[in-house]
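Undergrad: Take this structure first; my questions come after.
Numbering (full-length UniProt numbering), first residue to last: 1 to 102.
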């Protein structure tokens with residue numbers, strides 16, 4: 001925590017809290033309380049096999065045609081590359097679809 005004899009950060013949250021981890025993609029979800037956290041954990045676990053010899057749960061995909069247009073186009077200025085996958089909202093409130101949104 002000390003660089004050149006002085007403190008660089010005052011807590012572990014400054015070093016790697018949500019404000020650092022979420023934009024970097026290390027943390028995928030931030031919740032407001034324990035109940036919401038447990039709900040999120042159970043949701044994430046629903047994608048994991050029940051044991052080492054089982055296959056992951058498979059759900060039927062629907063509503064996303066293979067030949068639909070991807071409306072998001074990377075701008076000239078810096079942008080969040082995740083927008084290309086999930087889509088994004090424009091300044092006027094309309095939605096631009098990405099690769100994996102439905």
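A virtual CB, placed ideally from N, CA and C, is assigned to each residue, including glycine. Quick caveat: nothing in here was measured; it's all calculated off a predicted structure.
1) Ordered along the chain, which non-local residues of its own chain (more than five positions away) have a Cβ less than 7 angstroms from that of residue 70?
2) Compute the Euclidean distance between the alpha carbons of residue 65 and residue 30, then round it to the nearest angstrom.
3) Does DSSP put residue 68 in a helix, a strand or coil?
4) Please report the straight-line C-alpha distance between residue 90 and residue 9, rounded to a whole angstrom.
5) Give me the DSSP bridge partner(s) of residue 95.
6) How many Å lie between residue 36 and residue 46 at the Cα?
7) State the start and end residues of the unbroken alpha helix (DSSP H) segment that holds residue 27.
TA: Looking at the coordinates:
1) The count along the chain shown starts at 1 and reaches residue 70 at position 70. Closer than 7 angstroms at Cβ, skipping near neighbours: 97, 98 and 99.
2) What you label residue 65 is simply residue 65 of the chain shown in a count that begins at 1. What you label residue 30 is simply residue 30 of the chain shown in a count that begins at 1. So the alpha carbons of these two residues sit roughly 31 angstroms apart.
3) By one-based count along the chain shown, residue 68 stands at place 68. Of the three classes helix, strand and coil, the one that applies to residue 68 here is coil, per DSSP.
4) Here residue 90 corresponds to residue number 90 of the chain shown, with the count starting at 1. Here residue 9 corresponds to residue number 9 of the chain shown, with the count starting at 1. Their backbone Cα atoms lie some 36 angstroms apart in a straight line.
5) As a working mapping, residue 95 is identified with position 95 in the chain shown. Looking at the DSSP assignment, residue 95 forms a beta bridge with 89.
6) To locate residue 36, count along the chain shown from 1; it is residue 36. To locate residue 46, count along the chain shown from 1; it is residue 46. Roughly 16 angstroms separates the two Cα atoms.
7) As a first step, residue 27 is located in the chain shown; it is residue number 27 there, counting from the start. Residue 27 -> no alpha helix (DSSP H), and no H or E assigned at all.
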